[in-house]
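Here the structure is laid out as structure tokens; the discussion comes afterwards.
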Amino acid sequence: MNLELTDEQSFLRDAARDALSRVKTVAAARDALEDPAARPDLWPTAREAGWAGLLVSEAGGGAGLSAFDAMLVMTEAGRVLAGVELLGHLPASALLDAAGDERVGAVAEGELRACFVPARPPGDLDERWTAEPPSGSVRVAAPVLSEDGRLSGKVAWVPDAPGADVYVVVATGADGAPVAVAVEAVDATAEDATRYDATRSLGHVSFDGAACSVLERIGAEDLRRAWFLAQALLAAESLGAVETALASSVSYAKERFTFGRAIGSYQAVKHSLVEVLRLRENTYALMLYAGWAYEDKPGEFALAASAARSSGGHALDYASRAMISVHGGIGATWEHDAPLFFRRAQLSRRLLGGLGDATDRVAGELLSTA
Amino acid sequence: MDLNDTPEQVRYRAKVRAWLDEHSDEAPAEQGDEEAAQIAARRAWQGRLAAAGLAGVTWPVELGGQGLGPIEHVIVGQEIIRAGVPNILDVIGVGMLGPTIIAHGSDEQKGRYLGPMLHGDEVWCQLFSEPAAGSDLAAVQARAVPQDDGSWRLSGQKVWTTNAHFAAHGLLLARTDADVPKHKGLTMFIVPMDAEGVTIRGLRQISGEAEFNEVFFDDVRLGAEAVVGGVGNGWGTALTTLMFERLTIGLGSESLGYKAERYAAAIATDEHARLDPEVRRRLGELSVELLAVKFTGYRVLSALAQGQIPGPEAGLAKVTTVRSAIDAGDLIADVLGPDALDQDSEWAYMISFLPGLKSAGGTEEILRNTIGERVLGLPPEPRLDKGIPFSELRAKERAGVSAR
Chain A
1 MNLELTDEQS FLRDAARDAL SRVKTVAAAR DALEDPAARP DLWPTAREAG WAGLLVSEAG
61 GGAGLSAFDA MLVMTEAGRV LAGVELLGHL PASALLDAAG DERVGAVAEG ELRACFVPAR
121 PPGDLDERWT AEPPSGSVRV AAPVLSEDGR LSGKVAWVPD APGADVYVVV ATGADGAPVA
181 VAVEAVDATA EDATRYDATR SLGHVSFDGA ACSVLERIGA EDLRRAWFLA QALLAAESLG
241 AVETALASSV SYAKERFTFG RAIGSYQAVK HSLVEVLRLR ENTYALMLYA GWAYEDKPGE
301 FALAASAARS SGGHALDYAS RAMISVHGGI GATWEHDAPL FFRRAQLSRR LLGGLGDATD
361 RVAGELLSTA
Chain B
371 MDLNDTPEQV RYRAKVRAWL DEHSDEAPAE QGDEEAAQIA ARRAWQGRLA AAGLAGVTWP
431 VELGGQGLGP IEHVIVGQEI IRAGVPNILD VIGVGMLGPT IIAHGSDEQK GRYLGPMLHG
491 DEVWCQLFSE PAAGSDLAAV QARAVPQDDG SWRLSGQKVW TTNAHFAAHG LLLARTDADV
551 PKHKGLTMFI VPMDAEGVTI RGLRQISGEA EFNEVFFDDV RLGAEAVVGG VGNGWGTALT
611 TLMFERLTIG LGSESLGYKA ERYAAAIATD EHARLDPEVR RRLGELSVEL LAVKFTGYRV
671 LSALAQGQIP GPEAGLAKVT TVRSAIDAGD LIADVLGPDA LDQDSEWAYM ISFLPGLKSA
731 GGTEEILRNT IGERVLGLPP EPRLDKGIPF SELRAKERAG VSAR
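In the order they appear, the protein sequences are chains A and B. Numbering-wise (the numbering used here), the first sequence opens with residue 1 and increments by one. Numbering-wise (the numbering used here), the second sequence opens with residue 371 and increments by one.
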């Protein structure tokens with residue numbers, strides 16, 4: 001057993017941190033709230049760094065790295081609130097690779113940006129494959145593939161959908177069985193739904209009898225895996241944001257004095273920051289679990305990734321609120337970074353089924369194997 | 371990153387499993403009706419495990435151990451759980467006090483005490499905490515006064531002492547100089563529990579069971595050879611024990627049975643509860659934390675195997691474990707109703723035991739202070755006891771209260 005990062009993993013992480021440091025992403029996250037054009041295009045950075053092909057096999061033209069490696073890059077993106085379109089691209093690229101799709105080389109190279117249009121797999125209480133609704137709590141049916149090979153349906157709040165070149169969609173066939181299809185951008189409509197967190201690109205994607213190609217080799221288990229991969233990537237991204245929020249809060253708690261003492265010497269403040277650390281440690285441990293399960297314990301991946309998502313989402317929720325509180329009134333002002341992390345937390349917890357669904361999935365997986 | 375056994379570890383695990391498969395039907399039950407007979411059986415079983423190399427796995431070979439690493443230690447623990455047999459009886463001795471003697475004891479002490487400890491012939495207890503010295507352990511008041519002939523006279527009281535009522539020896543932290551600041555005037559001693567002047571009294575807890583004891587020392591005579599680690603070095607010696615305590619807890623959490631799968635199984639039998647969103651949310655949340663603790667344990671183990679000593683942040687795992695297990699007890703009793711609190715229930719003992727565990731090994735609040743200061747580098751709590759001779763502290767404390 002060795003849970004330390006390998007030299008290659010440390011290099012990947014450091015290179016990601018370095019590449020993302022060249023753009024003032026946090027400041028851009030604020031500016032883009034008022035001017036969407038201020039959102040930097042980081043896809044060229046991703047291509048140059050080779051992230052587009054992280055999860056594509058070497059035979060497919062990618063780097064053939066592990067899910068855990070991809071999580072390390074996501075953590076670096078989350079650390080600086082960088083809007084790199086990997087949450088949509090990476091699960092899609094892994095499916096295209098597994099399917100042996102002809103586009104996989106261009107996808108691995110980043111010439112084509114892919115986007116995963118997810119559906120929530122059945123759980124112990126719900127046998128359907130469901131998609132996010134535009135509003136409300138009732139999930140909708142995943143897009144349907146007709147017998148003549150046309151795709152129809154709508155999926156809301158799809159990460160990284162605007163501007164994608166190819167959509168990899170989880171649909172159901174006429175028999176209700178899940179099927180993966182690829183749809184070119186010209187055959188779909190992606191309405192930009194980015195809001196509240198300007199660095200989180202979102203779209204409502206519609207298909208109206210769209211032409212598509214079925215990814216024949218992809219089965220239900222692959223589609224489950226893709227959903228939970230997205231959960232794990234989101235967890236890893238949250239972890240990075242938690243680490244920045246914690247570092248900023250700790251630093252301020254040492255500098256700010258009240259009643260003659262640094263505020264970090266008060267237990268109320270100290271214990272709250274240690275709680276952030278506790279949640280951070282938990283999330284990282286679960287990220288290790290998810291990475292290991294993806295490779296070696298596929299039967300536990302749903303549990304591991306859902307636990308990581310639940311932990312990471314809760315950690316970011318708590319950390320971003322603590323960041324505001326520790327900074328006092330200034331932490332709630334537009335000029336401060338804390339609101340940007342709060343916005344990230346608020347939006348993230350409601351994506352991809354939501355935080356509550358991930359927590360419920362943990363319970364469901366444990367109850368159904370008990 | 372690799373969580374799987376290496377080929378050597380696969381072979382070691384197979385060897386351990388083979389021994390346990392062959393001998394597990396000779397093992398005693400975990401709990402028995404009659405305590406004295408039960409303890410005798412558990413001590414004998416510890417002897418069997420030690421003879422087979424399944425106790426003191428990380429102890430040096432020349433002191434009777436196997437000279438292996440923490441991962442092999444954990445493999446043995448996992449295989450013992452798998453075989454459904456009890457582990458060694460004297461976890462405190464072999465896991466914490468023995469390593470302290472190995473680190474700080476004299477050659478005579480190592481030669482005299484370690485063998486019988488490892489084989490269960492002599493059980494040990496840890497005599498650190500006192501009624502007025504728990505999280506602030508350096509406040510111990512038990513006094514050992516040096517005599518002209520080099521011997522010592524010991525008086526005072528210890529509390530929360532596990533296994534004292536059948537222990538042969540205890541490792542005791544006493545104040546030997548009250549005129550220096552409190553961390554400096556401490557010394558560690560080996561105390562025979564059958565010495566004249568030692569009184570042991572069971573301490574019943576919420577559950578009704580008496581797992582701990584109070585131990586009173588009334589002018590107990592100790593020889594010069596009872597000192598471990600040098601006079602005045604008691605605090606440094608105690609820190610070694612506390613480090614091994616953290617490791618024992620950190621590496622042994624699975625054996626405590628605080629596992630998400632076990633709690634889920636209790637809920638799963640109730641057809642209504644398993645569909646209830648509120649029950650599922652509570653189960654999900656506590657399970658996330660317990661799964662995190664499990665993999666945090668692997669992180670600690672991995673760090674140890676690379677030769678690193680885990681930092682104080684490992685203490686967060688204890689906080690998480692206890693809180694989640696409390697939440698689990700609450701949830702299970704909410705689902706099962708008052709039956710869960712019945713003496714015979716699988717859960718009553720756990721529910722009664724956990725509130726006290728919150729304070730064991732340092733309260734949650736003190737752990738958060740320590741971690742905040744030593745890991746996050748936050749400024750320390752204001753302290754009123756720094757640099758002050760211990761003998762003046764009490765007067766100062768009283769003055770502080772009356773000044774309010």
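Just so it is clear, CB atoms sit at the ideal spot from N, CA and C, and this is done for glycine as well. Here the structure is a predicted model, which means the values were calculated and not measured.
Status (buried if at least 16 other CB within 10 Å, exposed otherwise) for residue 483 (chain B): buried
Cα-Cα separation between residue 22 (chain A) and residue 172 (chain A), rounded to whole angstroms: Taking the straight line joining both Cα atoms gives about 43 Å.
Interface flag, residue 638 (chain B) vs chain A, CB-CB below 9 Å: With 9 Å as the cut-off, residue 638 (chain B) counts as an interface residue toward chain A.
Candidates B:466, B:398, B:393, B:451, of which the one nearest residue 428 (chain B) by Cα: Restricting attention to B:466, B:398, B:393, B:451, the CA atom closest to the CA of residue 428 (chain B) is found in B:466.
Candidates B:508, B:517, B:461: closest to residue 542 (chain B) by CA position: B:508
Presumed contact (8 Å Cβ cut-off) between residue 91 (chain A) and residue 226 (chain A), rounded CB distance: 4 Å
Rounded separation between residue 34 (chain A) and residue 199 (chain A) - CA only: The C-alpha of residue 199 (chain A) is placed about 12 Å away from the C-alpha of residue 34 (chain A).
Status (buried if at least 16 other CB within 10 Å, exposed otherwise) for residue 69 (chain A): buried
Reference residue 491 (chain B), options B:458, B:557, B:742, closest by Cα: Among B:458, B:557, B:742, the Cα nearest to that of residue 491 (chain B) is on B:458.
Contact set between residue 676 (chain B) and chain A, taken where Cβ atoms lie within less than 8 Å: Chain A residues near residue 676 (chain B): 2, 4.
is_contact[residue 760 (chain B), chain A] using C-beta, thresh 9 Å: no
Inter-residue Cα distance where the pair is residue 598 (chain B) and residue 323 (chain A): 47 Å
Given residue 442 (chain B) as reference, the closest of B:375, B:462, B:402, B:753 once Cα atoms are compared: B:375
Neighbourhood of residue 655 (chain B) by C-beta distance below 7 Å, restricted to the same chain and skipping five residues each side: Closer than 7 Å at Cβ, skipping near neighbours: no residue.
Assigned secondary structure, residue 196 (chain A) (DSSP; H/G/I helix, E/B strand, else coil): coil
In chain order, each beta strand (DSSP E) run of at least 3 residues that lies wholly inside the stretch 442-517 of chain B: With a minimum length of 3 residues, the continuous beta strand (DSSP E) runs that stay inside the stretch 442-517 of chain B are 494-497, 513-516.
Residue-chain proximity (residue 359 (chain A), chain B), Cβ-Cβ < 9 Å: yes
Expected contact under 8 Å - CB spacing of residue 52 (chain A) and residue 231 (chain A) to nearest Å: About 21 Å separates the two Cβ atoms, so there is no contact after all.
Alpha-carbon to alpha-carbon, residue 600 (chain B) and residue 363 (chain A): 53 Å
Neighbour list for residue 7 (chain A) in chain B, Cβ cutoff strictly below 9 Å: Going along chain B, no residue has its Cβ under 9 Å from residue 7 (chain A), so there is no contact; the nearest lies around 12 Å.
Below-9 Å beta-carbon distance, residue 750 (chain B) vs any chain A residue: yes
Backbone CA spacing between residue 123 (chain A) and residue 361 (chain A) [nearest angstrom]: For the pair residue 123 (chain A) and residue 361 (chain A), the Cα-to-Cα distance works out to about 7 Å.
Contacting positions in the stretch 690-712 of chain B - beta carbon closer than 7 Å to chain A: Answer set for the stretch 690-712 of chain B: 690.
Members of the stretch 655-671 of chain B that neighbour chain A once the beta carbon cut-off is set at 9 Å: 655, 657, 658, 659, 661, 662, 663, 664, 665, 666, 667, 668, 669, 671
Counted within 10 angstroms of its Cβ, other Cβ atoms place residue 182 (chain A) as buried (16 or more) or exposed: buried
Euclidean distance between Cα positions of residue 334 (chain A) and residue 82 (chain A): 19 Å
Cβ pair residue 95 (chain A), residue 116 (chain A) closer than 9 Å: Yes; because the gap between Cβ atoms is below 9 Å, this pair is in contact.
Which of helix, strand or coil DSSP assigns to residue 73 (chain A): helix
Which of helix, strand or coil DSSP assigns to residue 696 (chain B): helix
Cα-Cα separation, residue 390 (chain B) to residue 450 (chain B): 7 Å
Ranges of the alpha helix (DSSP H) found wholly within the stretch 663-688 of chain B, counting only runs of at least 4: none
Positions along the stretch 270-286 of chain A whose CB lies within less than 7 Å of some CB in chain B: 270, 271, 273, 274, 277, 278, 281, 282, 285, 286
CB contact below 9 Å: residue 757 (chain B) versus chain A: no
Endpoints, alpha helix (DSSP H) assigned at residue 393 (chain B): Residue 393 (chain B) -> alpha helix (DSSP H) spans 377-393.
Amino acids of chain A, ordered along the chain, whose beta-carbon sits closer than 9 Å to that of residue 745 (chain B): 274, 277
Against chain B: residues of the stretch 238-251 of chain A by CB proximity under 9 Å: 246, 250
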